[in-house]
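Chemist: Supplied in structure tokens, the structure appears directly below.
In the working numbering, the protein residues as written are 6 to 116.
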């Protein structure tokens, strides 16, 4: 998944914003909370459901994200064999999982 394609998908979600953290990590956020993080090396980190976390981390090119695995974040390497539909699904789901935890007032402003 190229950065341009990742950006295209993420920035189409209601209220999504883009920013830089840790000097060189591109972060896609909703309500100031990250739902996708990427960098120059390709790939991305995002949040998944607990069931999918176990399943996905058994696949080649996908691992628990350091320091965030307890929150069910995964790291998808650029070499992972995910189809475009899978990328779109997991990016949307990560956005929705993060948005669901936002304060009610912030969630209401997203739509």
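Glycine residues also receive a C-beta, built at the ideal position from the N, C-alpha and C atoms. All of these numbers come straight from a predicted model, not from anything done at the bench.
#1: When the Cα of residue 52 is compared with those of 6, 44, 38 and 64, which residue comes out closest?
#2: If residue 40 and residue 103 are in contact, beta carbons under 8 Å, what's the gap, nearest whole angstrom?
#3: Kindly indicate the opening and closing residues of the beta strand (DSSP E) around residue 69.
#4: In this structure, how does DSSP classify residue 27 when only helix, strand and coil are distinguished?
#5: If you check the beta carbons only, do residue 54 and residue 77 fall under 8 Å apart?
#6: With a cut-off of 8 Å on the beta carbons, I'd call residue 46 and residue 85 a contact; round off their distance for me.
#7: Might you give, ordered along the chain, the residues of its own chain that have their beta carbon closer than 6 Å to the beta carbon of residue 115, omitting 5 neighbours on each side?
#8: Under three-state DSSP, which class holds residue 42?
#9: Taking the C-alpha atoms as reference points, what is the distance between residue 62 and residue 68?
#10: Which of helix, strand or coil does DSSP assign to residue 93?
Modeler: Answer, in terms of the structure:
#1: Selected option, being the one with the closest Cα: 38.
#2: The C-beta distance from residue 40 to residue 103 rounds to 4 Å, short enough to fall under 8 Å.
#3: 67-69
#4: Of the three classes helix, strand and coil, the one that applies to residue 27 here is coil, per DSSP.
#5: Yes, these two residues count as a Cβ contact at 8 Å.
#6: Between residue 85 and residue 46 the Cβ distance is about 13 Å, and since that is not below 8 Å, they are no contact.
#7: 19 and 20
#8: strand
#9: Those two C-alpha atoms are separated by around 5 Å.
#10: Of the three classes helix, strand and coil, the one that applies to residue 93 here is helix, per DSSP.
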